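J.: Residue numbers (our numbering): 7 to 364.
Yeah, the Cβ is synthetic: ideal placement off N, Cα and C, and Gly gets one too.
Only a predicted model underlies this, so the values are computations on that prediction, with no experimental measurement involved.
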Ligand code: AOF
Ligand code: ZN
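(1) List the whole-angstrom C-beta distance separating residue 258 from residue 228, where the pair is believed to meet the contact cut-off of C-beta under 8 angstroms.
(2) Quick check on DSSP: helix, strand or coil for residue 350?
(3) When the distance is taken between beta carbons, is residue 322 closer than 8 angstroms to residue 168?
(4) At a cut-off of 7 angstroms, would you count residue 83 as near the ligand ZN, judging by its Cβ distance to the nearest heavy atom?
(5) Helix, strand or coil: how does DSSP classify residue 146 here?
(6) Please go through the same chain and pick out, in chain order, the residues whose beta-carbon is closer than 7 angstroms to the beta-carbon of residue 344, but skip the five residues on each side of it.
(7) From the DSSP output, which residues share a beta bridge with residue 129?
(8) Taking the Cβ atom as the reference point for each residue, do residue 241 and residue 215 lie within a distance shorter than 8 angstroms?
(9) In this structure, what does DSSP give as the bridge partners for residue 46?
(10) Closer than 7 angstroms to a non-hydrogen atom of the ligand ZN - does that hold for the CB of residue 57?
(11) Counting pairs of Cβ atoms below 8 angstroms between the region 37-46 and the region 155-170, do you hit three or more?
(12) Candidates 191, 156 and 278: which alpha carbon is nearest residue 29's?
(13) Give the DSSP-derived three-state secondary structure of residue 202 in the structure shown.
(14) Quick check: is any heavy atom of the ligand ZN less than 7 angstroms from the C-beta of residue 139?
(15) Rounded to the nearest angstrom, what separates residue 235 and residue 190 at their Cα positions?
(16) Based on DSSP bridge pairs, tell me the residues matched to residue 31.
(17) Rounded to whole angstroms, what's the CA-CA distance from residue 161 to residue 147? Just pull it up for me.
(18) May I ask whether a heavy atom of the ligand ZN can be found less than 7 angstroms away from the beta carbon of residue 92?
(19) Rounded to the nearest angstrom, what separates residue 319 and residue 360 at their Cα positions?
(20) When you compare only the Cα positions, how much space is there between residue 50 and residue 84?
(21) Provide the residue span of the alpha helix (DSSP H) that contains residue 251, from first to last.
(22) Can you list, in chain order, the residues of its chain with a C-beta nearer than 8 angstroms to that of residue 53? Leave out the 5 residues immediately preceding and following it.
(23) With DSSP as the reference, please indicate the residues paired to residue 219 in a beta bridge.
(24) Are residue 108 and residue 79 closer than 8 angstroms when you measure CB to CB?
(25) Does DSSP put residue 266 in a helix, in a strand, or in coil?
(26) Pull the bridge partners of residue 360 from the DSSP assignment, please.
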């Protein structure tokens, strides 16, 4: 299709907004003049600021845009939100044809943007690189259609699926290049999530603006652990914890403005993940990257939308080494959790395999 290449460019443009637009979608837009030449580009840069279409059109006059074509990853909006409707601006600029990647899943807009443009006599071409546009906005789609936080897991293992030796030695399984990529992945998510066990075992820093920490018994060292040195830390603990222990923790963190404590329900001595995920959604965290050991990875697996799995060409060969997903005993291979392949990348000598829920 003639518009595929341009839509791919729009997708690439849209990704520049990663980490800044949540809870809004990533959107990219290109404008062609009546002769088919690219005259402008735009993307949604930051939550609350101009939409992609407005950014692309804003500096053009009607002599430039008249009878032109606008290509955009998402259906242009029709509502008065933080900005006036993009559909109105497109009509005002006398664009003749609008090429759209996917329909908006936001019920305020869905189908209405297209209708408004069609009613104004604009030709609409829909569904160009639709699969890729939906992938681009997998988080936004999950949030809008299910009202839930998008959950991704990152793990790094040996070829035999181990994240550490039985004594916990794990630094480092993957190469520096792979670990650098982890930092890029983190930026795409509203928050990272880890556990007290990981903090106590590895004392990681995990730089991120928002960190969710599961510390059921408030065991972590709030004053010294690296994790608390930056970002906002949302610490979830068992609401049945002894009040004396809670008082001690509150005293320890009283001067730390970046640490917030939240009580949470537990089930069989484990944090109730349904409760946790609905609480973090209510906190406005639309996507989370889980970076922890095999036990939480195992229990959160059923909520996982996506997995980033780094694999290093190393073999531990020790059955008692720690596994990346450690949560059940099964005898029937047909009962294994199954996933769908998404992508593979190399960070030599390691690989990054991405897969999603089937
Ligand atoms: C964006 N950027 O480039 C496009 C969006 O909160 P508002 O008023 O900015 O409106 C957000 C909604 O606008 C969003 O949920 C989506 O339906 C639509 N399109 N949003 O943030 C954009 N094109
Ligand atoms: Zn808009």
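T.: The short version:
(1) For the purposes of this step, residue 258 is taken as residue 252 along the chain shown, with counting starting at 1. For the purposes of this step, residue 228 is taken as residue 222 along the chain shown, with counting starting at 1. Correct: roughly 5 angstroms between the Cβ atoms.
(2) The residue given as residue 350 occupies position 344 in the chain shown. Of the three classes helix, strand and coil, the one that applies to residue 350 here is strand, per DSSP.
(3) Residue numbering aside, residue 168 sits at position 162 when the chain shown is read from its first letter. Residue numbering aside, residue 322 sits at position 316 when the chain shown is read from its first letter. Going by C-beta atoms, residue 168 is nearer than 8 angstroms to residue 322.
(4) What you label residue 83 is simply residue 77 of the chain shown in a count that begins at 1. Checking every heavy atom of the ligand ZN against the Cβ of residue 83, one is found closer than 7 angstroms.
(5) For the purposes of this step, residue 146 is taken as residue 140 along the chain shown, with counting starting at 1. The three-state reading of DSSP puts residue 146 in helix, counting H, G and I together.
(6) Taking the first residue of the chain shown as position 1, residue 344 is located at position 338. Same-chain partners within the cutoff: 364.
(7) On the chain shown, position 123 is the one that residue 129 refers to. DSSP lists 103 as partners of residue 129.
(8) Taking the chain shown and counting its residues from 1, one reaches residue 241 at position 235. Taking the chain shown and counting its residues from 1, one reaches residue 215 at position 209. Not closer than 8 angstroms, so no.
(9) The count along the chain shown starts at 1 and reaches residue 46 at position 40. The partner list for residue 46 (beta bridge, DSSP) reads 37.
(10) Translated into the one-based positions of the chain shown, residue 57 becomes position 51. For residue 57, the shortest separation between its Cβ and any heavy atom of the ligand ZN lies below 7 angstroms.
(11) With the cut-off at 8 angstroms, the region 37-46 and the region 155-170 do not touch.
(12) Numbered from its first residue, the chain shown carries residue 29 at position 23. When only C-alpha atoms are compared, the closest one is 156.
(13) Residue mapping note: residue 202 aligns to position 196 of the chain shown, counting from 1. Residue 202 falls in the helix class under three-state DSSP.
(14) Your numbering for residue 139 matches position 133 in the chain shown. No, the beta carbon of residue 139 sits no closer than 7 angstroms to any heavy atom of the ligand ZN.
(15) As a position in the chain shown, residue 235 is number 229, starting the count at 1. As a position in the chain shown, residue 190 is number 184, starting the count at 1. Going by C-alpha positions, residue 235 is about 20 angstroms away from residue 190.
(16) As a working note, residue 31 is residue 25 in the chain shown. Residue 31 pairs with nothing; no bridge assigned.
(17) As a first step, residue 161 is located in the chain shown; it is residue number 155 there, counting from the start. As a first step, residue 147 is located in the chain shown; it is residue number 141 there, counting from the start. In a straight line, the C-alpha of residue 161 is about 24 angstroms away from that of residue 147.
(18) Translated into the one-based positions of the chain shown, residue 92 becomes position 86. Yes; taking the cut-off as 7 angstroms, the Cβ of residue 92 has a heavy atom of the ligand ZN nearer than that.
(19) Taking the first residue of the chain shown as 1, we reach residue 319 at position 313. Taking the first residue of the chain shown as 1, we reach residue 360 at position 354. Taking the straight line from one Cα to the other gives about 17 angstroms.
(20) Against the chain shown, residue 50 aligns to sequence position 44. Against the chain shown, residue 84 aligns to sequence position 78. Those two C-alpha atoms are separated by around 16 angstroms.
(21) Your numbering for residue 251 matches position 245 in the chain shown. Per DSSP, residue 251 belongs to the alpha helix (DSSP H) from 249-259.
(22) The residue given as residue 53 occupies position 47 in the chain shown. The beta carbon of residue 53 is closer than 8 angstroms to those of 26, 27, 28, 29 and 30 in its chain, skipping five residues each way along the sequence.
(23) The count along the chain shown starts at 1 and reaches residue 219 at position 213. 200 and 241, per the DSSP bridge assignment.
(24) Stepping through the chain shown from its first residue, residue 108 is reached at position 102. Stepping through the chain shown from its first residue, residue 79 is reached at position 73. It is a contact, given that the beta carbons lie within the stated cut-off.
(25) By one-based count along the chain shown, residue 266 stands at place 260. If DSSP states are grouped into helix, strand and coil, residue 266 belongs with the strands.
(26) Mapped onto the chain shown, residue 360 falls at position 354. Per DSSP, 314 and 349.
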